[in-house]
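Enquirer: Chains as they are written, first to last, in the working numbering: chain A, 242 to 470; chain B, 242 to 470.
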DNA sequence: CAGAAATTTGACCAGTTGGAAAAAACGTTA
DNA sequence: TAACGTTTTTTCCAACTGGTCAAATTTCTG
């Protein structure tokens, strides 16, 4: 059992007394610290989102960040710290569109803009999407509590909103949970399975326009389905 | 430059002359070989689908297969061989439902049963789905050629079928590629994001019934959309 | 059963990995 | 500019990794 090391630059409370020993005031972060941490997180996002937690190495991240491994470890004393930081900040951003669904708004514009925002996230932050997907594939060991806690609560809340829309007859009566799942699935697909999407669409259609096409398609699918009226 | 090793049990042609040296006839596989390879592939599916190629270790696979590492390496001389075998056999099974779409059938039953079959695959073979998803997240380095070749050709063919349905006015005119993507996305979601689905549905609704609920929901979504007629 | 072939094991190896320690270099400020 | 805190580099380590090899064991076949 190795003794718990007290290293400088403790990013955030581990089991070592976070409050316990105010031997000296924490001393605000320097400019360099802020900058380098940013660079590291950026590089780590690249590597973790491709390789997953186990598959990624500190060396890869350090190289991508343009610094030596020990130097990187000076800012984040362990691999897991980096991962956890990325995870929480990603989850926060990632769920923003869902939070923004307005309970008093009308279903059509609300759903339409939720779809659009989610698709924009896939277009603009594909690595975050892949990071999350990677964690899910591994069974979500590091975020399970968030899923069962905050996420479930948020979804439950929005499900209730959707249910009022259904009761008011504004949209068809259907399963709101699976509706949300299907929006997540279809939009995130364009980030997570990007290679496949491009390969199938081919050179001519796989360009930047694919997100426009997807947006148009999904809007029609969700509102009208495939059968002619 | 290490000399190319000629080891027994070459599973399939490497760069060493596959045809070149018929020094002795390949000698059909023994019972033990067939059995153990099966056990190994089964164990490897477990590990690779969770950890991805890089994240998985031969030790983990060997342990899951209940044998020693050198013993495992006797059957598959390198990690990548196992992965490649899993990959190709998975792709084959995985695309079967798409192949089965009947060009002369009617769109509604065809699409409905395609949805159902894909969802059944997610329910019955979730690890295969995750294996594929993992490969996609990594940019598909080991299957890119398949995606651009066989897969694209197959999709193109089915897209043409869907287009005839649209021309005949049997379904709404929309983008057939994105239609296929959205079917893939929504169905595979239940395998790849299983943890999340269960967490959000909670104890009461996260049980075995979720696939039934999903099937019902998706069928309605794809046929009718959300707006009341 | 003997002999040959197939299978399994244990010891080993070189390269990689996450991380520690200490010293050197740098920056800031009294 | 001296002293101090911050940042970076060098060196190092033990555990893990993919893989080898020869010897031991088991299984098959005549």
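Ideal placement from N, C-alpha and C gives every residue a C-beta, glycine not left out. All figures in this text were calculated on a predicted structure; none of them were measured in a lab.
1) Starting from residue 293 of chain B, trace the alpha helix (DSSP H) in both directions and tell me its first and last residue.
2) Over what stretch of residues does the alpha helix (DSSP H) that includes residue 429 of chain B continue unbroken?
3) Given this structure, state the Cα-to-Cα distance separating residue 443 of chain A from residue 401 of chain B, to the nearest angstrom.
4) Inspect the beta-carbon positions of residue 359 of chain B and residue 316 of chain B and report whether they are closer than 7 Å.
5) Counting only beta-carbon separations shorter than 7 Å, does residue 416 of chain A have a partner in chain B?
6) Would the segment 282 to 301 of chain A and the segment 370 to 388 of chain B be scored as touching if the rule is three or more Cβ pairs under 8 Å?
7) Is the shortest distance between the beta-carbon of residue 413 of chain B and the beta-carbons of chain A less than 7 Å?
8) Taking the alpha carbon of residue 349 of chain A as the point to measure from, which residue in A/434, A/413, A/418 has its own alpha carbon closest?
9) Check whether the Cβ of residue 379 of chain B lies closer than 7 Å to any Cβ atom in chain A.
10) Would you give the residue range spanned by the alpha helix (DSSP H) that residue 365 of chain A belongs to?
11) Between which residues of its own chain and residue 355 of chain B is the CB-CB distance below 8 Å, once the five residues before and five after are set aside?
12) Report the rounded CA-to-CA distance for residue 311 of chain B versus residue 433 of chain B, giving the unit in angstroms.
13) Measure the alpha-carbon distance for residue 460 of chain B versus residue 352 of chain A and round it to whole angstroms.
14) Does residue 402 of chain B have its Cβ less than 7 Å from a Cβ in chain A?
15) Once you ignore the five residues that flank residue 305 of chain B on each side, which residues in its own chain have a CB closer than 7 Å to its CB?
16) Measuring only the C-alpha atoms, how far is residue 386 of chain B from residue 404 of chain B?
17) Which of the three DSSP states is assigned to residue 336 of chain B in this structure?
18) Find the residues of chain B that neighbour residue 210 of chain A, judging by a C-beta separation of less than 7 Å, and give them in chain order.
19) Residues of chain B with a CB under 7 Å from the CB of residue 409 of chain A: which are they?
20) Hey, does residue 454 of chain A have any beta-carbon neighbour from chain B nearer than 7 Å?
21) Measuring only the C-alpha atoms, how far is residue 370 of chain A from residue 429 of chain A?
22) Distance, Cα to Cα, residue 406 of chain A vs residue 307 of chain B?
23) From A/325, A/321, A/320, A/364, pick the residue whose C-alpha is nearest to that of residue 449 of chain A; which is it?
24) How long is the line joining the alpha carbons of residue 266 of chain A and residue 275 of chain A, rounded to whole angstroms?
25) What's the call for residue 329 of chain A, buried or exposed, on a 16-neighbour Cβ count within 10 Å?
26) For a contact meaning CB atoms closer than 9 Å, what does residue 423 of chain A contact in chain B?
27) Are the Cβ atoms of residue 437 of chain B and residue 388 of chain A separated by less than 7 Å?
28) Tell me, please, whether the CB atom of residue 466 of chain A is closer than 7 Å to any CB atom in chain B?
29) Report the option in B/411, B/416, B/454 whose CA atom is closest to the CA atom of residue 451 of chain A.
30) Output the distance between the C-alpha atoms of residue 271 of chain A and residue 361 of chain B, rounded to the nearest integer angstrom.
31) Scan the segment 302 to 316 of chain B for residues whose Cβ lies nearer than 9 Å to a Cβ of chain A and list them as they occur along the chain.
32) Would you identify the three-state DSSP class for residue 414 of chain A, choosing helix, strand or coil?
33) Determine whether the beta carbon atoms of residue 373 of chain A and residue 419 of chain B lie at a separation below 7 Å.
34) Taking residue 390 of chain B as the reference, give the member of A/282, A/439, A/464 with the closest Cα.
35) Given this structure, state the Cα-to-Cα distance separating residue 468 of chain A from residue 382 of chain B, to the nearest angstrom.
36) Using beta carbons (cut-off 7 Å, strictly below), is residue 371 of chain B in contact with chain A?
Expert: Let's see:
1) 272 to 296
2) 417 to 433
3) 15 Å
4) no
5) yes
6) yes
7) yes
8) A/413
9) yes
10) 348 to 365
11) 338, 339, 341, 342, 424
12) 32 Å
13) 19 Å
14) no
15) 284, 287, 288
16) 26 Å
17) coil
18) Since the displayed chain A opens at 242 and closes at 470, residue 210 of chain A lies outside it and no answer follows.
19) Here the premise fails: no neighbours, minimum Cβ distance about 11 Å.
20) yes
21) 7 Å
22) 54 Å
23) A/364
24) Because residue 266 of chain A sits at a pLDDT of 39, beneath the cut-off of 50, its placement in the model cannot be relied upon, and the following sentence gives the value as read from the coordinates. Going from the Cα of residue 266 of chain A to the Cα of residue 275 of chain A covers about 18 Å.
25) exposed
26) 423, 426, 427, 430, 455, 458, 459, 462
27) yes
28) yes
29) B/416
30) 55 Å
31) none
32) coil
33) no
34) A/439
35) 38 Å
36) yes
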